[in-house]
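Have a look at the structure below before the remarks.
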Amino acid sequence: MISENDTPLTIDPQNFAKLVVADLNFKADENPQAISKRALIQYLSAYYLADQFNQYETEIFQKDGASTYPSYADIKELMNKTKWY
Numbered sequence: 001m002i003s004e005n006d007t008p009l010t011i012d013p014q015n016f017a018k019l020v021v022a023d024l025n026f027k028a029d030e031n032p033q034a035i036s037k038r039a040l041i042q043y044l045s046a047y048y049l050a051d052q053f054n055q056y057e058t059e060i061f062q063k064d065g066a067s068t069y070p071s072y073a074d075i076k077e078l079m080n081k082t083k084w085y
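Residue numbers for the sequence shown follow full-length UniProt numbering, so the first one is 1 and each next one is one higher.
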């Protein structure tokens with residue numbers, strides 16, 4: 001029987017990035033170009049973060065034939081190592 005821990009979790013980078021950008025708050029008097037730049041940076045950051053996470057998941061599941069899900073601490077460590085700039 002296959003449990004949910006036997007398959008890697010994947011995040012759709014495009015949908016994740018869209019959700020992140022949709023949740024941004026902007027000031028009404030903010031420069032439109034500044035808003036666009038900020039939204040683009042957030043979109044790309046979220047997209048590549050999801051992609052990095054998916055790669056990490058794939059590596060974990062291919063490592064030594066293991067099929068165990070990483071701990072929360074492992075995932076948190078990966079997120080803390082991610083460069084945002």
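Beta carbons: idealized from backbone N, C-alpha and C, even for Gly. No experiment lies behind these values; they were computed from the predicted model shown.
Distance CB(Ala17)-CB(Ala50) smaller than 8 Å: yes
Spatial neighbours of Leu19 in its chain, beta-carbon cut-off 7 Å, leaving aside the 5 residues before and after: none
Euclidean distance between Cα positions of Ile60 and Lys81: 16 Å
Between the CA atoms of Leu24 and Asp12 - distance to the nearest angstrom: 19 Å
Among Leu78, Gln33, Ala22, Ser71, the one whose alpha carbon lies nearest that of Tyr43: Ala22
Burial state of Phe53, where buried means 16 or more other Cβ atoms lie within 10 Å: buried
DSSP-derived helix/strand/coil call for Phe26: coil
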